[in-house]
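Under the working numbering, the residue at position 189 of the sequence shown is numbered 220, and the numbers go up by one with no gaps. Ideal Cβ placement from N, Cα and C applies to all residues, glycine included. Here is the structure we will look at.
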Amino acid sequence: MITSGDIQGHWHRAWLKSPSFNDCETTVHWMQCGSLYADIRIPPNRPDVRGASALADLPDATLMALLRAEGFAGVVSLRDDVCTWQREINWHGRPEAEDSGLLEFNGSDRLMETGVFGDYAELWNRRSEQPASAMHLMAGTAHAFIVSIGQRFVFGVGQPEAENSRNTIAALEAGQRTWALQEQLRHVFAFGRWDGACGLAELCTNPLLEGQTVLSCTGDGALVWHAVDFLGQRCEVPLTQPASVQIDAA
């Protein structure tokens, strides 16, 4: 029987297959440490946003393309080889269905996931396991998850009770840029690497932040989120402890 100890580490998705859709191009990173996880999914062929100073500068069609990305984080539970990813935060707001998959190992570092509530299969390859750490923190009123494996990390920040983005996307299709859209795009998910005390984004739901510092660690060990809103305004947000769970699986 598979336990949470078996799925620790940095997983990269090789492919997703369903009766109507096959995907081997979306870049997917899932990091697991203890019961905490973070997952980011960036589709291929995103629009070129070079030259823009803020997401607000981009045309609606470009924003629509960026909204194809996904990110979510929270806690996993396992029962009878079925893993459920509880999405404490989700870049697209409250999910419409439970995220559960039947897991089966093919070797120690190849994992097949078969949908329980959806007809799909995903193949995952484990890149590394340790050293690992995970934190659940607060970013003002939002929640933040950071899972680090070696020098890599997945970081996500969002509101646990955010509305599903369906209506936000429909409004954008109609040419309306709602406050909910700005809130969704203000929160981010990023995959990156630690360079000393700085966490540099390599992939991000906001591509304007790629190559930039999204996290930093102060001299006293505190973490800071380098937030950038829809209009391009920057703000340093301390990540604080009231909702924290920290696990070091090294």
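| Reference D112; option with closest CA among W155, E135 and E127 | Between D112 and the set W155, E135 and E127, the nearest pair of CA atoms involves E135.
| query | In terms of alpha-carbon separation, which member of V259, L240, T244 and V268 lies closest to A253? | reply | Checked all of V259, L240, T244 and V268; the closest Cα to A253 is V268.
| task | Please name the residue in V185, E204 and T236 whose C-alpha comes closest to that of W225. | result | Selected option, being the one with the closest Cα: V185.
| request: Just tell me which of G206, H257, S35 and A201 has its CA closest to the CA of H218. | output: Nearest C-alpha to H218: H257.
| query | Any idea which residues DSSP pairs T115 with across the strands? | reply | Within the DSSP secondary-structure output, T115 pairs in a beta bridge with S108 and S131.
| task | Output the distance between the C-alpha atoms of G105 and W116, rounded to the nearest integer angstrom. | result | Looking at the two C-alpha atoms, the distance is approximately 7 angstroms.
| message | Once the 5 residues before and after F148 are set aside, which same chain residues still bring their CB inside 7 angstroms of it? | response | For F148, where only same-chain residues beyond five positions count, the Cβ hits under 7 angstroms are A128, E129 and S131.
| said: Across the stretch 53-72 and the stretch 164-182, are there enough close Cβ pairs to call them in contact, namely three or more that are closer than 8 angstroms? | reply: The stretch 164-182 and the stretch 53-72 touch, with three or more beta-carbon pairs separated by less than 8 angstroms.
| said: I'd like to check one pair, A202 with A193: are the Cβ atoms closer than 9 angstroms? | reply: Pairing A193 with A202 gives a Cβ-Cβ distance that is not under 9 angstroms.
| field | Q215 - DSSP class collapsed to helix/strand/coil | value | Helix at Q215.
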